[in-house]
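In the numbering used here, the protein residues as written are 3 to 129.
Just so it is clear, CB atoms sit at the ideal spot from N, CA and C, and this is done for glycine as well.
Worksheet for the structure shown next.
Here you go:
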């Protein structure tokens, strides 16, 4: 029974991740106005987006899988997104976006590690 529930959870999170990846790619390829509220807004959005994608990816992995598996896949996705933006003619390919993506992945990783640490402390305190 537990394995059926785990598979349903994995299926839900994988579908959510797929939806997120498609939505982000579509938004990244749409023309944008030059309405930036502050300098660096684009990089901040990249970072937040990739932190969330890291968290969704983590939920999509089976228990015990290495978090390091997430980095190559999402960085490859980020590179693909930048290349496609460069091909549009109205968006630009920027190397700094990839750095923001990587930093976002690292933030997402730190969030996961922090949650795990908090869970371990709760388990120890219950003993």
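Simplified DSSP state of residue i, which is helix, strand or coil
i: residue 35; result: coil
i: residue 7; result: helix
Spatial distance of residue i from residue j (CA atoms)
i: residue 13; j: residue 62; result: 8 Å
i: residue 113; j: residue 34; result: 30 Å
i: residue 39; j: residue 51; result: 18 Å
i: residue 76; j: residue 19; result: 11 Å
i: residue 15; j: residue 58; result: 7 Å
i: residue 53; j: residue 80; result: 12 Å
i: residue 125; j: residue 115; result: 15 Å
i: residue 37; j: residue 103; result: 21 Å
i: residue 92; j: residue 41; result: 20 Å
i: residue 21; j: residue 27; result: 10 Å
i: residue 44; j: residue 23; result: 17 Å
Residue interval of the alpha helix (DSSP H) (run including residue i)
i: residue 132; result: Nothing can be reported for residue 132: it is not among the residues displayed for the chain, which extend from 3 to 129.
Within-8 Å CB hit, residue i to chain B
i: residue 71; result: Of the protein chains in the structure, only one exists, and it is not chain B.
Query - Unbroken stretches of the alpha helix (DSSP H), 4 residues or longer, contained in the segment 13-88 - result: At a cut-off of 4 residues, the continuous stretches assigned as alpha helix (DSSP H) that sit fully inside the segment 13-88 are 43-62.
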